[in-house]
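If you read the sequences in order, they're chains A and B.
Numbering of the first sequence is given in the numbering used here, commencing with residue 1 and proceeding in unit increments.
Numbering of the second sequence is given in the numbering used here, commencing with residue 419 and proceeding in unit increments.
2 protein chains.
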Amino acid sequence: MRLVVIGGVAAGLSAAARAKRLDASLEVLVLEKGDQISYSACGLPYLLEGQVRDWRQLVGFTADEFLGAKNVSVRTSTEVAAIAHSRRELTTHSGEKLHYDKLVVATGARARCPEQCMPLHTLADGVRLWEHLRQTPPARAVVLGAGYIGIELAGALRARGWGVTLVDRSEHLLQRDDTELTATLRRVMERHGVRVLLAHNGPPPEAELTVHATGLQPNVTLAEGAGIELGRTGAIRVTERMETNLAGVFAAGDCAETLHRVTGSPTWIPLGTTANKMGRVAGANAAGRRERFPGVTGTSILRACGLGVAFTGVSQAQARQAGFRPAAVRIQSRDRAAYFRGRPVTVELVADCETGRLLGGSVLGEYGVEGRINVLATALQARMTVEDLLGLDLAYAPPYAPVMDALLVAAQQLVKEL
Amino acid sequence: MRLVVIGGVAAGLSAAARAKRLDASLEVLVLEKGDQISYSACGLPYLLEGQVRDWRQLVGFTADEFLGAKNVSVRTSTEVAAIAHSRRELTTHSGEKLHYDKLVVATGARARCPEQCMPLHTLADGVRLWEHLRQTPPARAVVLGAGYIGIELAGALRARGWGVTLVDRSEHLLQRDDTELTATLRRVMERHGVRVLLAHNGPPPEAELTVHATGLQPNVTLAEGAGIELGRTGAIRVTERMETNLAGVFAAGDCAETLHRVTGSPTWIPLGTTANKMGRVAGANAAGRRERFPGVTGTSILRACGLGVAFTGVSQAQARQAGFRPAAVRIQSRDRAAYFRGRPVTVELVADCETGRLLGGSVLGEYGVEGRINVLATALQARMTVEDLLGLDLAYAPPYAPVMDALLVAAQQLVKEL
Chain A
1 MRLVVIGGVA AGLSAAARAK RLDASLEVLV LEKGDQISYS ACGLPYLLEG QVRDWRQLVG
61 FTADEFLGAK NVSVRTSTEV AAIAHSRREL TTHSGEKLHY DKLVVATGAR ARCPEQCMPL
121 HTLADGVRLW EHLRQTPPAR AVVLGAGYIG IELAGALRAR GWGVTLVDRS EHLLQRDDTE
181 LTATLRRVME RHGVRVLLAH NGPPPEAELT VHATGLQPNV TLAEGAGIEL GRTGAIRVTE
241 RMETNLAGVF AAGDCAETLH RVTGSPTWIP LGTTANKMGR VAGANAAGRR ERFPGVTGTS
301 ILRACGLGVA FTGVSQAQAR QAGFRPAAVR IQSRDRAAYF RGRPVTVELV ADCETGRLLG
361 GSVLGEYGVE GRINVLATAL QARMTVEDLL GLDLAYAPPY APVMDALLVA AQQLVKEL
Chain B
419 MRLVVIGGVA AGLSAAARAK RLDASLEVLV LEKGDQISYS ACGLPYLLEG QVRDWRQLVG
479 FTADEFLGAK NVSVRTSTEV AAIAHSRREL TTHSGEKLHY DKLVVATGAR ARCPEQCMPL
539 HTLADGVRLW EHLRQTPPAR AVVLGAGYIG IELAGALRAR GWGVTLVDRS EHLLQRDDTE
599 LTATLRRVME RHGVRVLLAH NGPPPEAELT VHATGLQPNV TLAEGAGIEL GRTGAIRVTE
659 RMETNLAGVF AAGDCAETLH RVTGSPTWIP LGTTANKMGR VAGANAAGRR ERFPGVTGTS
719 ILRACGLGVA FTGVSQAQAR QAGFRPAAVR IQSRDRAAYF RGRPVTVELV ADCETGRLLG
779 GSVLGEYGVE GRINVLATAL QARMTVEDLL GLDLAYAPPY APVMDALLVA AQQLVKEL
């Protein structure tokens, strides 16, 4: 039995390694179109900032190392041109034919930007930009797109001392319809010297360097050509076992959609950590197990200019769209006891008025952001109510939290609105 | 209607303020035997360390400020000598009689140590020790008792540059039957120059200063004298509405027991944050609401010599005692991406083999301890299984976490043992 995995980054390698571990008799082959596998694209902004010294640090395994560690063969620079599922056969760009019994499609996503633009999505993009910056340090750089990558990248380039302008067509940062969040994050970025141009529909300002961070789209051309169905999001539709509509063909990672556990609808949120989990499940099922991936609650976090911003679940506007009757509060508190130099932290909570169920939240601050958003993510997964949050036995000691944590303060406020 | 609250620290003031806010017509009177109210005893080690400059920073409100802010009268230096519940009457030590309609007993806990010892429990203890240290800096100090307070205090005194010996009769730190935890924490403390003497049953070493941190016991003499029933733990038995066996008499905070949500049994875990929550519920119910306090999952955290140590739920040994058939794993991971200077973090998880239910966990590391223990505390409250943990959508970005969080790595290990 041969399992072929198309794609050698997060989802693909997780699937391959897990399948091989669960069934050593399986022949597992990974095909990666790029020349590197197993890299952390999320680390690219920190490479450009200089916090990561060399791009090789972002690479977990080379193909040889992966073979040694996981007993899985990887062929790099091998792009699949077509899948003929009736014959269980792949054709590579070089014309080679390869048989498979089981298939995992982990073709990822690609940057949505014009031809010949400078994106920051793959390791190759990052290395190209990194080398460009070494050879031609720009006096002025423009970052187009104020999503996660754009904001992190703008902060990273600014930290190098260059003039940076962050440009977006929308009037909001992070594509959130949230005036207060946009104002806070903008203020912090501007204080760090990043120029922020929002609601900007004209041509971008002149600069020596222009980087596109204008979004991603799932890589589904290959899958579509093979008759693999896409979902409403435009990514590959999968069951909770990560199966596509074709028997024995799984999909995982940034090319696949998943269930949003708050709205109950399919969603497409390309993220390395989700890709890893989906890959593990796809690999297990390809090896004959019956595992399920329960979906996501939509957790994300970024750090730019010293500020952490994190979300989970849905915003009030998204909740309304999903048919809830939401109430929301936003409170200011501190990350730890005031007498212990506690720094401001802002918590927003969204809940459903009819059931009291927590629907989402955001946390913003210099410190203590990741832990608090993770508590909310856990509460969302457990379908907790705001009332349930009030009873959370959260850790308290002055170096870590105020005696009444910001999450509890927010829950105490919100419970009055329900 | 008059509500009298005995005790003016965490639980008492929370109860008083909440009751008054919910029913402005209520006359609320707080009686505090000490001369300060509303202080953070948890901040005392940091006062002694010098991280908090002045003890007044540990005081939230003076009695006057509390009256102004909450419209609640507080009488300090007023100790209650007896409660005659049949007459709804209190007698103070000075012989004064005071009528009540509703009563909240929030008499707290006291240090368990010999007469004339130097404990560190109340603000007065802390201020006395603080002044002693200013006037007579000790060349050598001995801290008796290696629980939370003892360990934090030993770290704090050592940070001042004095020779410190931490002594305990047990062979373990933190009263946990955990050889690995004891070894790690001991190593870190010794590296900071704290001498650690465990399994020490003889007289303590000679020193200029000896501080007792040998544990607490609930202050229940007054309650017992009034016919208020105690529970098995020795603290006041309360319902989930914080009612005692006497009609109209509530108890909250360190003098009261509460439900352990993992074992389902009453427990006594004196902590400021729990006291606040119990107090809020007691106050609301004293004001005629019907609220409940759901109990605790046993979360605690401390920081000493730069190391954070946190627990929630039960240990494997405690799980066995509570009738579970526990399995446990302990894994080493990093608090964030390795290429982002991730530092070691150790996670231990305990689960029930029969149901797969998570029963407890611990987290140990320099950073990222509080957030991870809070996720586990939330999971415990929601009665999640280890399988559920695998699906947690935790925040990922290189400055915050590795792509597969330490909690998930631990859950992946543990699920194999079940």
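No residue lacks a Cβ here, since even glycine has one placed at the ideal position from N, Cα and C.
Remember, predicted model here, so these are calculated numbers, not experimental data.
Chain B places no beta carbon closer than 8 Å to that of G68/A, leaving this residue out of the contacts. Between the alpha carbons of Y400/A and T312/A lies a distance of about 22 Å.
Taking the Cα positions, R292/A is about 5 Å away from E240/A. Across the structure, R471/B and G478/B are spaced so that their CA atoms are roughly 15 Å apart. At a beta-carbon threshold of 8 Å, none of the residues of chain B lie near C117/A; the nearest stands roughly 24 Å away. Inside the segment 242-305 of chain A, DSSP marks whole beta strand (DSSP E) runs of 3 or more residues at positions 249-251 and 300-304, from first to last along the chain.
Counting only the Cα atoms, V142/A lies some 11 Å from D168/A. Relative to T233/A, the option among A251/A, C255/A, N245/A and M242/A whose CA is nearest is C255/A.
With contacts defined as CB atoms closer than 8 Å, V523/B and I455/B fail to qualify as a contacting pair. For G573/B, the enclosing alpha helix (DSSP H) has its first and last residue at Y566 to A577. Secondary structure in the segment 469-530 of chain B: the beta strand (DSSP E) runs of 3 residues or longer, each lying completely within the stretch, are 491-493, 498-502, 507-510, 515-517, 520-523 and 527-529 in chain order.
Contact with chain B is absent for Y39/A, since none of that chain's Cβ atoms lies less than 8 Å from the residue's Cβ. By the beta-carbon neighbour count (other beta carbons within 10 angstroms, threshold 16), N219/A is buried.
Across the set S86/A, L358/A and L246/A, the C-alpha of L358/A shows the shortest separation from the C-alpha of A382/A.
Counting C-beta pairs closer than 8 Å gives fewer than three between the segment 754-771 of chain B and the segment 696-703 of chain B, which falls short of the contact rule.
With a threshold of 16 other beta carbon atoms within 10 Å, E788/B meets it and is buried.
Near chain B, meaning a CB-to-CB distance below 8 Å, the residues of the segment 385-403 of chain A are D388, L390, G391, L392, D393, L394, A395, Y396, A397, P398, P399, Y400, A401 and V403. Boundaries of the alpha helix (DSSP H) harbouring E549/B: L541 to Q553, taken from the DSSP string. Linking A574/B to V612/B through their CA atoms gives a straight-line distance of about 10 Å.
E370/A reaches chain B at G789, A813, Y818 and A819, counting residues in chain order whose Cβ is nearer than 7 Å. Per DSSP, the continuous alpha helix (DSSP H) segment holding G789/B begins and ends at V787 to Q799. Around A800/B, the beta-carbon contacts reaching into chain A at under 9 Å are T378, A379, Q381, A382, R383, M384 and D388.
At least 8 Å separates the CB of L13/A from every CB of chain B. Closest option to H172/A, judged by alpha-carbon separation, among L198/A, E89/A, L259/A and A247/A: L198/A. A distance below 6 Å between beta-carbons, with the five flanking residues on each side excluded, links G666/B to the following residues of its chain, in chain order: K520. Bounds of the beta strand (DSSP E) holding D770/B are P762 to D770. For T210/A, the enclosing beta strand (DSSP E) has its first and last residue at L209 to H212. Within the segment 296-313 of chain A, the residues whose Cβ lies closer than 8 Å to any Cβ of chain B are, in chain order, V296, T297, G298, T299, S300, I301, L302, R303, G308, A310 and T312.
For L198/A, the closest Cβ of chain B is not nearer than 8 Å. The three-state reading of DSSP puts Q116/A in coil, since its state is none of H, G, I, E or B.
C-alpha of C531/B to C-alpha of G544/B: approximately 15 Å in a straight line.
The beta carbon of W130/A lies closer than 7 Å to those of L47, L48 and W55 in the same chain, with the five residues before and after it left out.
DSSP, read as helix, strand or coil, puts F758/B in helix. R330/A: not part of any alpha helix (DSSP H); member of the beta strand (DSSP E) spanning P326 to R334, first to last residue. In the DSSP assignment, R195/A falls within the unbroken beta strand (DSSP E) covering V194 to L197.
In the structure shown, E27/A adopts extended strand secondary structure according to DSSP, grouped into three states.
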